[in-house]
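Chains as they are written, first to last, in this note's numbering: chain A, 1 to 191; chain B, 192 to 382.
Glycine included, C-beta positions come from ideal geometry on N, C-alpha and C.
Scroll down for the structure; my scribbles are underneath it.
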DNA sequence: ACCTGAACACCGTTCAAGT
DNA sequence: ACCTGAACACCGTTCAAGT
């Protein structure tokens, strides 16, 4: 006879993300996660083959949420404004889920995990499409790498509290974003 | 009678960095570090009050090395060329010490550690000085934040193997760097 | 002062046993 | 099929004892 499932993969991912944001990685023991969803640690291994697998599932969950967020820009606006808007949505997501955001990019856990690389790629897709349309296929790739590098770098440093000389951080973000977009879309913007 | 010191803080930091680069964070147990310098784990606590302290010391060590590397640009060159050169030195350091580089910026361990924030600031200082000279005091801060965000973001993604669509990565780095520097120094460059 | 072995509470993971 | 308690090897850390 089947023991009824007390939880679900979905609920576990949610619990992981909540625990992570509340208490940091240190609070993410298998026992703590299990308790949060009302089971015991060994049961988690029926659904995830290791702790790393569990964290990756939570990261994938967050990446899907991010992809969703970026998927539907209002397409009546200019390319430039759409890119600007997506950048601010990206920042908003990172600031709302700082530790999950760090998890997504924690190289040690995540590099070389095919599913996660694909999920990151999917999240970056709408941005890539906009850029391809704006700068042409030839430069779309390096252009995307510039924009994504700036976004990730800024957020990474902002969340790690590396910006310590005051000044308005929001303004600094917008300043850099404008420089990056301008440098990529100069000709486009003048049309 | 004093038991003679079998090792030094210096040697321990070196061992930590070697172990880290060789085997990743997983191989960085207190027992493994101790063994690498010929002592037992409890002795490490005479010098560092916790594992986190030990990792921070290694990170500080690496940051000092980076600061040294960036400290002496040939000042007969143009500001633009100096910035370009520093950016490539920064990338070279990160690629040579990928896991140590990740450690330096691992937010969870490192945020809010005053000594590390100061060390990061010291490493960024020469870059900041060059920019202040180039764009003026008013915009030096956001300009530095843009450049540093780009550098860190690009390296962070490159080391995490996030760039998966081929294309020459070195070229992409230079492409983005040129866009960033141009957008900041347009007027300067025309002089 | 610095080093050590023994011990503590904790962790990820396995496994045989229950329903 | 899913859940469980007991057990394993490991970990960071403490401490009393050695020199």
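With a threshold of 7 Å between beta-carbons, can residue 374 of chain B be considered close to chain A, or not? Position 183 of the second chain, counted from the start, is the residue given in the question as residue 374 of chain B. Yes - at least one Cβ of chain A is within 7 Å of the one on residue 374 of chain B.
Looking at chain B, which residues of the stretch 108-130 of chain A have a Cβ within less than 8 Å of any of its Cβ atoms? 108, 110, 111, 112, 117, 120 and 121
Give the interface partners of residue 216 of chain B over in chain A, defined as CB-CB distance under 7 Å, in chain order. Position 25 of the second chain, counted from the first residue, corresponds to residue 216 of chain B. Correct list: 108.
Is it the case that the stretch 62-75 of chain A contacts the stretch 175-185 of chain A, given that we only count it when at least three CB pairs across the two stretches are under 8 Å? no
In or out: residue 380 of chain B buried (at least 16 other Cβ within 10 Å) or exposed? The sequence position of residue 380 of chain B within the second chain is 189, counting from 1. Its pLDDT being 47, under 50, residue 380 of chain B is placed unreliably by the model, and the measurement read from it follows with that caveat. With fewer than 16 other Cβ atoms within 10 Å, it is exposed.
So is residue 341 of chain B in contact with chain A if we call contact Cβ pairs under 7 Å? Looking up residue 341 of chain B in the second chain gives position 150. Yes, its Cβ sits closer than 7 Å to a Cβ of chain A.
DSSP state of residue 381 of chain B mapped onto helix, strand, coil: Position 190 of the second chain, counted from the first residue, corresponds to residue 381 of chain B. Reliability of the predicted coordinates at residue 381 of chain B is poor, the pLDDT of 45 falling under 50, and the value obtained from them is presented with this limitation in mind. Helix at residue 381 of chain B.
Among residues of its own chain, excluding the 5 on either side of residue 238 of chain B, which ones have a beta-carbon nearer than 6 Å to its beta-carbon? If you number the second chain from 1, residue 238 of chain B lands on position 47. Cβ neighbours of residue 238 of chain B beyond the five flanking positions: 200.
Mind checking if residue 240 of chain B is an interface residue toward chain A, Cβ cutoff 7 Å exclusive? Here residue 240 of chain B refers to the residue found at position 49 when the second chain is read from its first residue. So, not an interface residue.
Cβ pair residue 62 of chain A, residue 155 of chain A closer than 7 Å: Reading the first chain from its first residue, position 62 is the one you call residue 62 of chain A. Reading the first chain from its first residue, position 155 is the one you call residue 155 of chain A. Not a contact, by the Cβ cut-off of 7 Å.
Rounded to the nearest angstrom, how far is the Cβ of residue 57 of chain A from that of residue 13 of chain A, given a contact under 8 Å? As a working note, residue 57 of chain A is residue 57 in the first chain. As a working note, residue 13 of chain A is residue 13 in the first chain. With a Cβ gap of about 6 Å, residue 57 of chain A and residue 13 of chain A count as contacting.
Please check if any C-beta of chain A sits within less than 7 Å of the C-beta of residue 363 of chain B. In the second chain, the residue the question calls residue 363 of chain B occupies position 172. For residue 363 of chain B, the answer is yes, since a Cβ of chain A falls inside 7 Å of its Cβ.
When you compare each of A:60, A:134, A:88 and A:53 to residue 171 of chain A by their alpha carbons, which one comes out closest? Locating residue 171 of chain A in the first chain gives position 171, where the first residue counts as 1. Considering only alpha carbons, the answer is A:88.
Taking contact to mean at least 3 C-beta pairs separated by less than 8 Å, is the stretch 138-147 of chain A in contact with the stretch 299-309 of chain B? no
Any C-beta of chain B sitting closer than 7 Å to the C-beta of residue 153 of chain A? Counted from its first residue, the first chain places residue 153 of chain A at position 153. Interface residue, yes.
Assuming residue 228 of chain B contacts residue 198 of chain B (C-beta within less than 8 Å), just tell me the rounded distance between them. As a position in the second chain, residue 228 of chain B is number 37, starting the count at 1. As a position in the second chain, residue 198 of chain B is number 7, starting the count at 1. Contact between residue 228 of chain B and residue 198 of chain B holds: CB atoms are separated by about 4 Å, below the 8 Å threshold.
Buried/exposed call for residue 236 of chain B, threshold 16 Cβ in 10 Å: Position 45 of the second chain, counting from 1, holds the residue named residue 236 of chain B. Here residue 236 of chain B is exposed. Its C-beta has fewer than 16 other C-beta atoms within 10 Å.
Taking 7 Å as the CB-CB cut-off, is residue 167 of chain A touching chain B? Here residue 167 of chain A refers to the residue found at position 167 of the first chain. By this cut-off, residue 167 of chain A is an interface position.
Can you pull the chain A residues whose beta carbon is under 9 Å from the beta carbon of residue 257 of chain B, in chain order? One-based indexing of the second chain puts residue 257 of chain B at position 66. Residues of chain A passing the Cβ test: none, with the nearest at roughly 14 Å.
Would you mind reading off the limits of the alpha helix (DSSP H) that contains residue 72 of chain A? Taking the first residue of the first chain as 1, we reach residue 72 of chain A at position 72. Run containing residue 72 of chain A: none; DSSP gives neither H nor E here.
What residues in its chain sit with their C-beta under 8 Å from that of residue 159 of chain A, if we drop five residues either side in the sequence? In the first chain, the residue the question calls residue 159 of chain A occupies position 159. Closer than 8 Å at Cβ, skipping near neighbours: 94, 95, 98, 101 and 102.
I'd like to know whether the C-beta of residue 336 of chain B is nearer than 7 Å to at least one C-beta of chain A. In the second chain, counting from the first residue as 1, residue 336 of chain B sits at position 145. Yes, contact with chain A.
Exposed or buried, residue 382 of chain B, counting other C-beta atoms within 10 Å across all chains shown (16 or more means buried)? By 1-based counting over the second chain, the position of residue 382 of chain B is 191. For residue 382 of chain B, the predicted model reports a pLDDT of 43, less than 50, meaning its position is unreliable; a value from the coordinates is still stated below. Exposed, since its Cβ has fewer than 16 Cβ neighbours within 10 Å.
So, is residue 168 of chain A buried or exposed, given that buried needs 16 or more other C-beta atoms within 10 angstroms? Taking the first chain and counting its residues from 1, one reaches residue 168 of chain A at position 168. Under this definition residue 168 of chain A is an exposed residue.
Using Cβ-Cβ distances below 9 Å, what residues of the stretch 4-29 of chain A are close to chain B? 24, 25 and 26
Please list, in chain order, all residues of the same chain as residue 319 of chain B whose beta carbon is under 7 Å from its beta carbon, the five residues on each side excluded. Stepping through the second chain from its first residue, residue 319 of chain B is reached at position 128. Correct list, in chain order: 331 and 335.
Measuring straight from C-alpha to C-alpha, what distance separates residue 281 of chain B and residue 342 of chain B? As a first step, residue 281 of chain B must be located in the second chain, where it is residue number 90. As a first step, residue 342 of chain B must be located in the second chain, where it is residue number 151. Each residue's alpha carbon lies about 8 Å from the other.
Do we get a CB-CB distance below 7 Å when we pair residue 327 of chain B with the residues of chain A? Here residue 327 of chain B refers to the residue found at position 136 when the second chain is read from its first residue. No, no contact with chain A.
Would residue 331 of chain B count as contacting chain A if we go by Cβ distances under 7 Å? By one-based count along the second chain, residue 331 of chain B stands at place 140. False, the Cβ-Cβ gap to chain A never drops below 7 Å.
So what's residue 104 of chain A in DSSP terms, helix, strand or just coil? As a position in the first chain, residue 104 of chain A is number 104, starting the count at 1. If DSSP states are grouped into helix, strand and coil, residue 104 of chain A belongs with the helices.
Could you spell out where the alpha helix (DSSP H) holding residue 353 of chain B opens and where it closes? Along the second chain, read from residue 1 onward, the residue named residue 353 of chain B stands at position 162. First-last for residue 353 of chain B: undefined, no H or E at that position.
Contacts around residue 31 of chain A, its chain only, beta-carbon distance under 7 Å, and the 5 residues preceding and following it disregarded: The residue given as residue 31 of chain A occupies position 31 in the first chain. Excluding sequence neighbours, residue 31 of chain A sits near 41.
Please state whether DSSP places residue 230 of chain B in a helix, a strand or coil. Numbered from its first residue, the second chain carries residue 230 of chain B at position 39. If DSSP states are grouped into helix, strand and coil, residue 230 of chain B belongs with coil.
Member of B:364, B:327 and B:208 whose CA lies at the smallest distance from the CA of residue 344 of chain B: The residue you call residue 344 of chain B lines up with position 153 of the second chain. Measuring from the Cα of residue 344 of chain B, the nearest candidate turns out to be B:364.
Is the Cβ of residue 93 of chain A closer than 7 Å to any Cβ of chain B? Mapped onto the first chain, residue 93 of chain A falls at position 93. Answer no: the Cβ-Cβ gap between residue 93 of chain A and chain B never drops below 7 Å.
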